[in-house]
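Below is one structure, written out as structure tokens; comments come after it.
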Amino acid sequence: METPNLAPFPAQHDLGGNPRFRCTPVEIEDDAPPDDFGKRVDALRAVLRDKGLITTDEQRFNIESLPEAEYFDLTYYEKWLRAVAAVMIAKGVVTWEELQ
Amino acid sequence: MANQPPRAESLALLAKLEAALKRRGIVSDEEIELKRASADRANPMTGARMVARAWIDPEWRALLLRDGTAAAEAMGISMRGNPPLGVLEDTAGVHHLVVCTLCSCYPRAIIGYPPHWYKSAAYRSRAVREPRAVLAEFGTVLPAGMQVRVVDSTADFRWMVLPQRPAGTEGWTEDQLTALVTRDDMVGVTLPRVGRRESRAA
Numbered sequence: 001m002e003t004p005n006l007a008p009f010p011a012q013h014d015l016g017g018n019p020r021f022r023c024t025p026v027e028i029e030d031d032a033p034p035d036d037f038g039k040r041v042d043a044l045r046a047v048l049r050d051k052g053l054i055t056t057d058e059q060r061f062n063i064e065s066l067p068e069a070e071y072f073d074l075t076y077y078e079k080w081l082r083a084v085a086a087v088m089i090a091k092g093v094v095t096w097e098e099l100q
Numbered sequence: 101m102a103n104q105p106p107r108a109e110s111l112a113l114l115a116k117l118e119a120a121l122k123r124r125g126i127v128s129d130e131e132i133e134l135k136r137a138s139a140d141r142a143n144p145m146t147g148a149r150m151v152a153r154a155w156i157d158p159e160w161r162a163l164l165l166r167d168g169t170a171a172a173e174a175m176g177i178s179m180r181g182n183p184p185l186g187v188l189e190d191t192a193g194v195h196h197l198v199v200c201t202l203c204s205c206y207p208r209a210i211i212g213y214p215p216h217w218y219k220s221a222a223y224r225s226r227a228v229r230e231p232r233a234v235l236a237e238f239g240t241v242l243p244a245g246m247q248v249r250v251v252d253s254t255a256d257f258r259w260m261v262l263p264q265r266p267a268g269t270e271g272w273t274e275d276q277l278t279a280l281v282t283r284d285d286m287v288g289v290t291l292p293r294v295g296r297r298e299s300r301a302a
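Protein chains in written order, with our numbering: chain D, 1 to 100; chain Z, 101 to 302.
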């Protein structure tokens with residue numbers, strides 16, 4: 001039996017040193033505050049956090065678990081929204097059908 | 101991953117999620133508005149004042165470096181629900197740069213919303229691999245021989261940089277010094293300087 005390879009494989013969100021973006025400049029002018037959508041998502045998440053319905057780690061885990069194509073394609077707050085919705089469904093706070 | 105507008109399906113999902121939560125009495129418009137207003141109020145002026153005071157007051161500086169959370173609370177900022185805040189002291193020999201390689205962790209309570217570039221794949225991947233090249237893109241060139249220490253903010257611990265007080269600020273008031281410090285200085289991508297063009301967000 002072969003020894004399994006135990007070296008950790010970097011997860012998609014673990015971008016430190018990732019060569020894929022080696023030649024991508026940092027868009028330093030891209031620093032506007034979040035748009036209305038982003039602020040709404042952020043505020044909703046904060047309310048749910050204060051009520052004990054979502055933790056940072058639950059949110060993080062659900063963002064990190066997105067399929068790779070979505071992880072790199074969705075905007076920042078679109079990823080947050082999907083994570084918040086996923087946690088609310090998983091906990092039975094809302095139903096999947098309501099969000100269709 | 102540029103800063104694009106949300107897709108129609110995302111707007112629809114948000115509307116449905118908000119409606120479902122409101123129907124059940126779990127959230128209200130008032131609660132959401134309050135949170136939004138409080139997030140909008142958080143801005144880099146708080147962090148800038150913490151830095152300026154550290155340049156003037158050695159006791160405050162010691163508190164800031166020992167316990168950033170306590171220092172922020174002493175400024176009247178509620179840090180409830182926030183992870184601990186650590187403060188990295190730049191010296192003549194060491195410059196600090198903050199990144200969140202895993203996502204976007206950032207001391208929002210004291211410097212506001214993170215800019216989009218902080219959350220970008222390019223910044224997250226390159227800051228730890230070639231920090232000097234990233235700094236150069238911000239127009240920051242460090243003196244030869246200065247060490248760069250890159251520090252990862254995480255979901256459990258946030259960092260800000262206490263830059264060195266720039267030359268030419270002898271005798272300045274706390275307000276004058278506060279006006280000199282920008283958000284980017286506290287992330288470590290720029291350095292406070294007298295007379296620089298204030299083109300970037302303060």
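Even for Gly, the Cβ is constructed at its ideal location relative to N, Cα and C.
The structure displayed is predicted, hence computed values, not measured ones.
Let me know the secondary structure DSSP gives Z/Val-251 once reduced to three states. Position 151 of the second sequence, counted from the first residue, corresponds to residue 251 of chain Z. DSSP, reduced to helix, strand and coil, places Z/Val-251 within a strand of the structure shown.
Could you list which residues in chain D have their beta carbon closer than 7 Å to that of Z/Thr-273, in chain order? Along the second sequence, one-based indexing puts residue 273 of chain Z at 173. Contact annotation for Z/Thr-273 against chain D: no contact, minimum CB-CB distance about 28 Å [criterion: below 7 Å].
When the distance is taken between beta carbons, is Z/Trp-217 closer than 8 Å to D/Glu-27?
-> Stepping through the first sequence from its first residue, residue 27 of chain D is reached at position 27. Stepping through the second sequence from its first residue, residue 217 of chain Z is reached at position 117. Contact: yes.
- Within the same chain, show all residues whose beta-carbon is closer than 6 Å to that of D/Gln-12, passing over the 5 residues directly before and after it, in chain order. Your numbering for residue 12 of chain D matches position 12 in the first sequence. Answer for D/Gln-12: Glu-68, Tyr-71, listed in chain order.
So, helix, strand or coil for Z/His-196, using DSSP? By one-based count along the second sequence, residue 196 of chain Z stands at place 96. Residue state, collapsed to three classes: strand.
Review point. Under 8 Å between C-beta atoms, does D/Lys-39 make it to chain Z?
Key: In the first sequence, counting from the first residue as 1, residue 39 of chain D sits at position 39. With 8 Å as the cut-off, D/Lys-39 counts as an interface residue toward chain Z.
For Z/Val-261, which residues does DSSP report across the bridge?
Here residue 261 of chain Z refers to the residue found at position 161 when the second sequence is read from its first residue. The bridge partners DSSP lists for Z/Val-261 are Z/Leu-188.
- Query: Can you give the Cα-Cα distance for Z/Thr-254 and Z/Thr-191, rounded to whole angstroms?
  - Reply: Residue 254 of chain Z sits at position 154 when you count from the first residue of the second sequence. Residue 191 of chain Z sits at position 91 when you count from the first residue of the second sequence. Each residue's Cα considered, the two are about 24 Å apart.
Assuming Z/Lys-116 and D/Glu-98 form a contact by the criterion Cβ under 8 Å, report the distance between their Cβ atoms to the nearest whole angstrom. Within the second sequence, residue 116 of chain Z is the residue found at index 16, counting from 1. Within the first sequence, residue 98 of chain D is the residue found at index 98, counting from 1. The pair is a contact, with the Cβ atoms about 6 Å apart (cut-off 8 Å).
query = Are the beta-carbon atoms belonging to Z/Ile-210 and Z/Thr-273 less than 8 Å from one another?
reply = For the purposes of this step, residue 210 of chain Z is taken as the residue at position 110 of the second sequence. For the purposes of this step, residue 273 of chain Z is taken as the residue at position 173 of the second sequence. Result no, Cβ atoms of Z/Ile-210 and Z/Thr-273 do not sit closer than 8 Å.
Discussion item. Along the stretch 220 to 236 of chain Z, where does the CB come closer than 9 Å to a CB of chain D? Name the residues.
Written reply: Ser-220, Ala-221, Ala-222, Tyr-223, Arg-224, Ser-225, Arg-226, Ala-227, Val-228, Arg-229, Glu-230, Val-234
Q) Any heavy atom of the ligand COA within a distance shorter than 7 Å of the CB on Z/Thr-290? A) This structure lacks the ligand COA, and indeed carries no ligand of any kind.
Exercise. Please confirm if D/Pro-34 has its CB atom under 8 Å from at least one CB of chain Z.
Key: Here residue 34 of chain D refers to the residue found at position 34 when the first sequence is read from its first residue. Yes, because at least one Cβ of chain Z sits closer than 8 Å to the Cβ of D/Pro-34.
Cβ-Cβ separation, D/Phe-37 to Z/Pro-106 (assumed contact under 8 Å), whole Å
Locating residue 106 of chain Z in the second sequence gives position 6, counting from the first residue. Locating residue 37 of chain D in the first sequence gives position 37, counting from the first residue. Rounded, the Cβ-Cβ distance is 4 Å, consistent with contact.
Environment of Z/Val-194 [buried if 16+ CB atoms lie within 10 Å]: In the second sequence, counting from the first residue as 1, residue 194 of chain Z sits at position 94. Exposed, by the Cβ-count rule.
Exercise for the section: Specify whether the stretch 281 to 289 of chain Z and the stretch 146 to 161 of chain Z touch according to this definition: at least 3 beta carbon pairs, one from each stretch, less than 8 Å apart. Expected result: Contact annotation: the stretch 281 to 289 of chain Z touches the stretch 146 to 161 of chain Z, with at least three C-beta pairs closer than 8 Å.
Just checking: is the beta-carbon of Z/Val-241 within a distance shorter than 8 Å of some beta-carbon in chain D?
To locate residue 241 of chain Z, count along the second sequence from 1; it is residue 141. Judged by the 8 Å Cβ criterion, Z/Val-241 is not in contact with chain D.
| Since D/Lys-51 is in the alpha helix (DSSP H), which residue starts that stretch and which ends it? | The count along the first sequence starts at 1 and reaches residue 51 of chain D at position 51. Counting along the chain, D/Lys-51 sits inside no alpha helix (DSSP H), nor does DSSP assign it H or E at all.
Cα separation between D/Arg-60 and D/Ala-83? For the purposes of this step, residue 60 of chain D is identified with residue 60 of the first sequence, where counting begins at 1. For the purposes of this step, residue 83 of chain D is identified with residue 83 of the first sequence, where counting begins at 1. Going by the C-alpha atoms only, they are around 8 Å apart.
Q.
Contact criterion: CB-CB distance below 8 Å. Does D/Glu-58 meet it with respect to chain Z?
A. Here the question's residue 58 of chain D lines up with position 58 in the first sequence. Chain Z contact via Cβ: absent.
task: Report yes or no: is there a C-beta of chain D within less than 8 Å of the C-beta of Z/Trp-160?
output: If you number the second sequence from 1, residue 160 of chain Z lands on position 60. Not closer than 8 Å to any Cβ of chain D, the Cβ of Z/Trp-160 fails to qualify, so no.
Checklist entry - Are the stretch 126 to 139 of chain Z and the stretch 223 to 240 of chain Z touching by the rule of at least three beta carbon pairs closer than 8 Å? => result Counting Cβ pairs under 8 Å, fewer than three are found: no touch.
Distance, D/Glu-2 Cα to D/Leu-81 Cα:
One-based indexing of the first sequence puts residue 81 of chain D at position 81. One-based indexing of the first sequence puts residue 2 of chain D at position 2. Looking at the two C-alpha atoms, the distance is approximately 42 Å.
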